[in-house]
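Each protein sequence line maps, in turn, to chains A and B.
Residue 721 in our numbering sits at position 650 of the first sequence, and the numbers go up by one each step.
Residue 15 in our numbering sits at position 10 of the second sequence, and the numbers go up by one each step.
For glycine and all other residues, C-beta sits at the position ideal for the given N, C-alpha and C.
Working notes, beginning with the structure itself.
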Amino acid sequence: MRMTIKSILNELYEIDPSFKDREKEIEKTVKKLMESKIDAPIDNNFKQSLKKRLLSEMGKTRPSLFKRLLKPRLILSFGGAFAVLAVLLVFILMQTGPQDTRTKSDLISETSTNGRMEKMENKEMQSLEKVIITETEEKTVISRLDSSTISDTKSKPKLSGETDGKGGYKDEPGKPDVLQGGDLEELTLNYQTEAFEGSGYNPDGSLGSEGQTPPQYKDLSNLVDKYNAKKDAEKFNTEEYTKYRENGFLKAIDNPLSTFSIDVDTASYANVRRFLSYGELPPPDAVRIEELVNYFTYDYPEPTGEHPFAFATEISACPWEESHKLLLIGLQGRKMELASLPPSNLVFLIDVSGSMDEPEKLGLLKKAFGLLTEQMRPNDRVAIVVYAGAAGLVLPSTSGEKKRDILASLDKLEAGGSTAGSEGIQLAYETAANNFLQGGNNRVILATDGDFNVGPSSEGELVRLIEEKRKQGIYLTILGFGMGNYKDSKMEQLADKGNGNYAYIDNLKEAAKVLVKEMAGTLFTIAKDVKLQLEFNPARVDSYRLIGYSNRMLAREDFEDDTKDAGELGAGHTVTALYEIVPAKGYNQPTELKYQTTKVNEQAYATDDIVTLKFRYKKPDSDTSIPIEVAVRDEDTSLHSASVNFRFASAVAEWGLILSQSEYKENASYRQVLELARSSLGYDEEGYRNEFVSLVEESSRLGE
Amino acid sequence: MQETISTDSKKGLTREEFEHVYDAYIDKIYSFIYYKTCNRETAEDLTSQTFLNVLQNRHRFDPAKGSIPVWIYRIARNLVIDFYRKKRSSVDIGDVWDIPSTEDVACDYQVKEQVAELKVILSKLPPEQRDIVILRVWQELPYREIARIMGKSEAACKMMFSRVITKLKDALPVMAVLFM
Numbered sequence: 072m073r074m075t076i077k078s079i080l081n082e083l084y085e086i087d088p089s090f091k092d093r094e095k096e097i098e099k100t101v102k103k104l105m106e107s108k109i110d111a112p113i114d115n116n117f118k119q120s121l122k123k124r125l126l127s128e129m130g131k132t133r134p135s136l137f138k139r140l141l142k143p144r145l146i147l148s149f150g151g152a153f154a155v156l157a158v159l160l161v162f163i164l165m166q167t168g169p170q171d172t173r174t175k176s177d178l179i180s181e182t183s184t185n186g187r188m189e190k191m192e193n194k195e196m197q198s199l200e201k202v203i204i205t206e207t208e209e210k211t212v213i214s215r216l217d218s219s220t221i222s223d224t225k226s227k228p229k230l231s232g233e234t235d236g237k238g239g240y241k242d243e244p245g246k247p248d249v250l251q252g253g254d255l256e257e258l259t260l261n262y263q264t265e266a267f268e269g270s271g272y273n274p275d276g277s278l279g280s281e282g283q284t285p286p287q288y289k290d291l292s293n294l295v296d297k298y299n300a301k302k303d304a305e306k307f308n309t310e311e312y313t314k315y316r317e318n319g320f321l322k323a324i325d326n327p328l329s330t331f332s333i334d335v336d337t338a339s340y341a342n343v344r345r346f347l348s349y350g351e352l353p354p355p356d357a358v359r360i361e362e363l364v365n366y367f368t369y370d371y372p373e374p375t376g377e378h379p380f381a382f383a384t385e386i387s388a389c390p391w392e393e394s395h396k397l398l399l400i401g402l403q404g405r406k407m408e409l410a411s412l413p414p415s416n417l418v419f420l421i422d423v424s425g426s427m428d429e430p431e432k433l434g435l436l437k438k439a440f441g442l443l444t445e446q447m448r449p450n451d452r453v454a455i456v457v458y459a460g461a462a463g464l465v466l467p468s469t470s471g472e473k474k475r476d477i478l479a480s481l482d483k484l485e486a487g488g489s490t491a492g493s494e495g496i497q498l499a500y501e502t503a504a505n506n507f508l509q510g511g512n513n514r515v516i517l518a519t520d521g522d523f524n525v526g527p528s529s530e531g532e533l534v535r536l537i538e539e540k541r542k543q544g545i546y547l548t549i550l551g552f553g554m555g556n557y558k559d560s561k562m563e564q565l566a567d568k569g570n571g572n573y574a575y576i577d578n579l580k581e582a583a584k585v586l587v588k589e590m591a592g593t594l595f596t597i598a599k600d601v602k603l604q605l606e607f608n609p610a611r612v613d614s615y616r617l618i619g620y621s622n623r624m625l626a627r628e629d630f631e632d633d634t635k636d637a638g639e640l641g642a643g644h645t646v647t648a649l650y651e652i653v654p655a656k657g658y659n660q661p662t663e664l665k666y667q668t669t670k671v672n673e674q675a676y677a678t679d680d681i682v683t684l685k686f687r688y689k690k691p692d693s694d695t696s697i698p699i700e701v702a703v704r705d706e707d708t709s710l711h712s713a714s715v716n717f718r719f720a721s722a723v724a725e726w727g728l729i730l731s732q733s734e735y736k737e738n739a740s741y742r743q744v745l746e747l748a749r750s751s752l753g754y755d756e757e758g759y760r761n762e763f764v765s766l767v768e769e770s771s772r773l774g775e
Numbered sequence: 006m007q008e009t010i011s012t013d014s015k016k017g018l019t020r021e022e023f024e025h026v027y028d029a030y031i032d033k034i035y036s037f038i039y040y041k042t043c044n045r046e047t048a049e050d051l052t053s054q055t056f057l058n059v060l061q062n063r064h065r066f067d068p069a070k071g072s073i074p075v076w077i078y079r080i081a082r083n084l085v086i087d088f089y090r091k092k093r094s095s096v097d098i099g100d101v102w103d104i105p106s107t108e109d110v111a112c113d114y115q116v117k118e119q120v121a122e123l124k125v126i127l128s129k130l131p132p133e134q135r136d137i138v139i140l141r142v143w144q145e146l147p148y149r150e151i152a153r154i155m156g157k158s159e160a161a162c163k164m165m166f167s168r169v170i171t172k173l174k175d176a177l178p179v180m181a182v183l184f185m
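Listed below in structure tokens is the structure:
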């Protein structure tokens, strides 16, 4: 019933009878107030779309309890089977659909919404292929594992279908897998939701990162429509993470050498943070422990000598397994002042396809590149290439002096159309080559949600192109944006092939970290193909396990092979690796096989060395590697007396073991992670370590 | 306000209940947020967030602790406050009416003139009194609900509204110029 002016007036007279004396005046005031009501009609499309989305969200979040009751790997198998069924269903529908007479070019030339739909269809096909590939590959891996002899100190029962083979000397590259658990695209969650607790309902806390402004949507209803268009495809998840086998324990006597490439990527941490900020635990395969550990900088000694990096080692007790030790290896790249860095020839390669049309993608991307542009010096050059339906040069190579031109071009970018990523990459590399700076930093910076679909070439061809350009001195940096449809696996692979690095940008603060504070590290390589090889002393080490770096393992012979690619170290970068070590007990009996005998020599028992550490790296403009070798002495330091570096790095690794549901997590607990981290915050100028503590608290709430 | 949703005494909302809640309150919540932001995008965004918040916390909803509309309104109200605080990094701004009129408030062009006129009046009121005007006059909520949304007694809310009227009555000569 519509409220009359009379009822309001009567209420007022009840409160203050003296109003009655000035009835006319009061009535006029109330009337004016009622008439001045602003017209605020709600858009019907918005209303309907939001409802649909919320209800589907509800359908999605409901099984979470069920999910927790089941073992995650089992879920993967169910999820995989479900995905196959769903994809087959979609595939059948597509086959019988009424609109299939359209050609591909017809589809592309349609409106952007349809462009997106087409992208969805392609994606579904891709998922189908991936699932099938996964199944066959799994079988292959299982049979290969069955037929190989694996030395293993910790045999545990496995779930069927699990392909986690511990112990092969060279870890095989992972298998693509379509997982459960990628969250749907969030429309509104740019800041986090705090639980309603206690007596009052206090919605939305102010937990969001500082500097992050609440979302500004150009047209939310458009976004919602897009969401609905995608919804079906996303039911079985389109975020892709490659599943890597965790490194297992290896017997030092049988496998004394452990070889791997450094990895300076940090994307996994930001991605995990994104999941947690939306109140979900990340899918285990989205957790790459080395990227979590390397997100933080540690206080390692600065390089002083001829080499561009220095390193530190430390041995102490393993927090999650008392009887084990943990060996930390920390590398510190030489820091360089901005002024002393070589000039840059940068090509921003920006994905403006329809899927990027979201504030946390293109919106954030523009701001991120804006930050980077502000850092440019007059002798630096910037070009902008976009790709969507077609690739195009938006801004020819322009001096860093003309910041306004660069910023204006960035500002004009708009999203629409489907993605032709590979064409864009080709054009970007051409632009970089045409403006090549000898001795400079020539680099393509690709910003995308990683959804390459309509390109003329396959992923393999793309990788070949990137590898070829790397040899010509053009490097690649990849910045990942957005969610819901995020192709983590593809992006990491491309960055690795392109002598580059890969960061995930989830907010402006992260953009500032990667592109301003750590710009030198992100964009200037001081050492390339950095490899490590450890030779463990079997007299002191029974077995060992490298934590993380599963996709960075190299064969022992790759170490000295200068044609084998490995990770790059940027200016000021720190890289940390942790080995879990099972100390040797007593004298090793020689292992006797039919044709050979392995025996530990006397020298091994005589020395205090636990491991010999060997590095190889190349100068950025050289093709010949430089070796470094040093022996590390065994120590019995308690965790309490370990350095802040050690305690913090081990806390992060322990958290990673829990989140990735590692089978080696032993007694790892959120509580212990928090204790370790809180005791090792050090000088946390930027607040990253404190943020870590709150993320652990959040994950502990979700996970326990 | 219509109390169409009965959740008995059990905690949480089922899918059907949530759907009913959505249908019953979406218009009201949207316009409430719009009155405080005067910008369609922002209002749609914060409305989405309000209901997402409701959805995510539906199992925590306890009818013993408050009614559904009170709960949703409080979420919406706090989201608006957070929105402006985060944006302006100032604790003094609770909604669009607190922004000095000289600055661009990013309001929709259709209501720009009206907002400029209303601002003369509304910016003179403390945020709570503005909320009373919005909730009582524009949204026609009963004092019982308003009191719970604002965390005050009914009497206090009524008193507050009478003060608003006294204040605005005194400013009537100005209003007369503006609205006539």
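Outcome for residue i when other beta-carbon atoms lying within 10 angstroms are tallied against a minimum of 16
{"i": "GLU118/B", "result": "exposed"}
{"i": "HIS64/B", "result": "exposed"}
{"i": "ARG448/A", "result": "exposed"}
{"i": "PRO430/A", "result": "buried"}
{"i": "GLU373/A", "result": "exposed"}
{"i": "ASP577/A", "result": "buried"}
{"i": "THR205/A", "result": "Unreliable positioning characterises THR205/A in this predicted model, as indicated by a pLDDT of 37, which lies under 50. A coordinate reading is not provided."}
{"i": "ASP451/A", "result": "buried"}
{"i": "GLN674/A", "result": "exposed"}
{"i": "LEU466/A", "result": "buried"}
{"i": "SER621/A", "result": "buried"}
{"i": "SER277/A", "result": "Legend: pLDDT at SER277/A = 31, less than 50; position of this residue unreliable, value from coordinates given subsequently. Label assigned to SER277/A: exposed."}
Straight-line gap, residue i to residue j (C-alpha atoms, nearest Å)
{"i": "SER416/A", "j": "LYS542/A", "result": "It should be noted that the sequence gives Asn, not Ser, for residue 416/A. Going by the C-alpha atoms only, they are around 16 Å apart."}
{"i": "ALA677/A", "j": "GLN604/A", "result": "22 Å"}
{"i": "SER329/A", "j": "LEU321/A", "result": "9 Å"}
{"i": "ASN365/A", "j": "THR337/A", "result": "6 Å"}
{"i": "GLU494/A", "j": "LEU409/A", "result": "33 Å"}
{"i": "SER127/A", "j": "THR52/B", "result": "17 Å"}
{"i": "PRO112/A", "j": "LEU436/A", "result": "33 Å"}
{"i": "LYS588/A", "j": "GLY643/A", "result": "10 Å"}
{"i": "LEU173/B", "j": "ILE97/A", "result": "9 Å"}
{"i": "ALA357/A", "j": "ILE79/A", "result": "58 Å"}
{"i": "PHE630/A", "j": "GLU700/A", "result": "13 Å"}
{"i": "VAL715/A", "j": "TYR759/A", "result": "15 Å"}
{"i": "ALA583/A", "j": "LYS41/B", "result": "32 Å"}
{"i": "ASP692/A", "j": "ILE545/A", "result": "11 Å"}
Short Cβ contact (9 Å threshold) for residue i with residue j
{"i": "LEU640/A", "j": "ALA574/A", "result": "no"}
{"i": "LYS568/A", "j": "ALA486/A", "result": "no"}
{"i": "ALA720/A", "j": "GLY376/A", "result": "no"}
{"i": "VAL2/B", "j": "LEU83/A", "result": "Only positions 6 to 185 of chain B appear in this structure, which leaves residue 2/B out of reach."}
{"i": "LEU412/A", "j": "PHE595/A", "result": "yes"}
{"i": "VAL59/B", "j": "PHE23/B", "result": "yes"}
Checklist entry - At which residue ranges does the segment 416–464 of chain A contain complete alpha helix (DSSP H) runs of 4 or more residues, listed in the order of the chain? => result 435–445
Item to check | Whole runs of the alpha helix (DSSP H) within the segment 669–717 of chain A, excluding any shorter than 4 residues | outcome: 673–677
Next on the checklist: Just to confirm the assignment: which complete alpha helix (DSSP H) runs, minimum length 4, are found wholly within the segment 43–97 of chain B?
Outcome noted: 45–61, 73–93
Checklist entry - Given a limit of 9 Å on CB to CB distance, which residues of the segment 79–112 of chain A reach chain B? => result ILE79, GLU82, LEU83, GLU85, ILE86, ASP87, PHE90, ARG93, GLU96, ILE97, LYS99, THR100, VAL101, LYS103, LEU104, MET105, GLU106, SER107, LYS108, ILE109, ASP110, ALA111, PRO112
Next on the checklist: As an exercise, report each continuous alpha helix (DSSP H) stretch of at least 4 residues that is fully enclosed by the segment 585–654 of chain A, in chain order.
Outcome noted: 590–594
Checklist entry - What are the start and end residues of each continuous beta strand (DSSP E) run of 3 or more residues lying completely inside the segment 316–388 of chain A, in chain order? => result 328–332, 380–388
Checklist entry - At what residue ranges does the segment 107–165 of chain B contain a whole run of the alpha helix (DSSP H), taking only runs of 4 or more? => result 117–127, 132–137, 148–155
Checklist entry - In chain order, what residues of the segment 128–150 of chain B put their CB closer than 7 Å to some CB of chain A? => result VAL138, VAL142, TRP143, GLU145
Item to check | Against chain A: residues of the segment 161–175 of chain B by CB proximity under 9 Å | outcome: LYS163, MET164, PHE166, SER167, VAL169, ILE170, THR171, LEU173, LYS174
Next on the checklist: To be precise: take each residue of the segment 343–372 of chain A, compare its Cβ to all Cβ atoms of chain B, and keep it if any distance is under 7 Å. Which residues remain?
Outcome noted: GLY350
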